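Report on one structure; see the data block that follows.
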Amino acid sequence: SSAFEYYTKAAGLGDTEAHYWLSLLYQNGHGVEKEMRKVIHHWEEAAIGGHPRARHNLGWHEGNNGRYERALKHYIISAAQGQDESITTLMDVYKGGFVSKDELAA
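Pasting the structure below:
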C-alpha cells in the first residue's frame, strides 16, 4: 500500500497530520498529479485540526492572492501556535509598517 493510500485512509478518519502530508503529495506531485485545489483543501482540514504549518501555508496562499486580511489572520493563529515562519512574517510586516500593533493583537 502506498503513502498516498495510507494518508488518504488516515485523513478520512480525521487525522490532521495525514491531511498535511496529503497536501505535500498534491503540491509536489509525489504519486499523484499536482493539484492546487486539493493542496488547499488539505491545508484547510489540517489547519482546522490545529496544524500550525498548514495554517501558515494558508496565510501564504491568501497573501499571494491579494487577500491580506485573511492572510494576516492565518499568520496570527499560526504564530500563536508557535510556528516560527509565521512569527517572522508578522515581525516583518509590522517592521515594514504594513500592520499596527492593534491589528496584531486582534
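Residue 1013 in the working numbering is what sits at position 81 of the sequence shown, and the numbering runs on without skipping anything.
For every residue, glycine included, the Cβ atom is placed at its ideal position computed from N, Cα and C.
What you are looking at is a predicted structure, and each value in this text was computed from that prediction instead of being measured.
**Whole-angstrom distance between A1011 and E967, CA atom to CA atom** = One alpha carbon belongs to E967, the other to A1011, and they sit about 27 Å apart.
**Item:** Anticipated Cβ contact below 8 Å, E1035 with L1004, distance rounded
**Value:** Indeed, because the Cβ distance is near 7 Å, the residues count as touching under 8 Å.
**Asked** Thinking C-beta only, is R987 closer than 8 Å to Q1013?
**Response** Cβ distance < 8 Å, so Q1013 and R987 count as in contact.
**Own chain, CB closer than 6 Å to Y939, minus 5 neighbours either side, in chain order** = Cβ contact annotation for Y939 (same chain, cutoff 6 Å, sequence separation greater than five): A950, W953, L954, in chain order.
**Request:** Mark I1008 as exposed unless 16 or more other C-beta atoms lie within 10 angstroms of its C-beta, in which case mark it buried.
**Result:** Buried, by the Cβ-count rule.
**Asked** What are the boundary residues of the alpha helix (DSSP H) that includes V1025?
**Response** The continuous alpha helix (DSSP H) containing V1025 extends over residues 1016–1027.
**Request:** Would you check if the distance between the CB atom of E1006 and the CB atom of G991 is smaller than 8 Å?
**Result:** The sequence given here has His at residue 1006, not Glu. Closer than 8 Å, so yes.
**Request:** Under 8 Å by Cβ, that's how I've got G963 and A935 pegged, so tell me the actual separation to the nearest angstrom.
**Result:** Taking the Cβ atoms as the reference, G963 lies roughly 7 Å from A935, within the contact range of under 8 Å.
**Message:** Spatial neighbours of E994 within its chain, please: C-beta separation below 7 Å, excluding the five flanking residues on both sides.
**Reply:** These residues qualify, in order along the chain: R1002, A1003, H1006.
**Prompt:** For F936, which three-state DSSP category applies?
**Reply:** Under the three-state reduction of DSSP output, F936 falls in the helix class.
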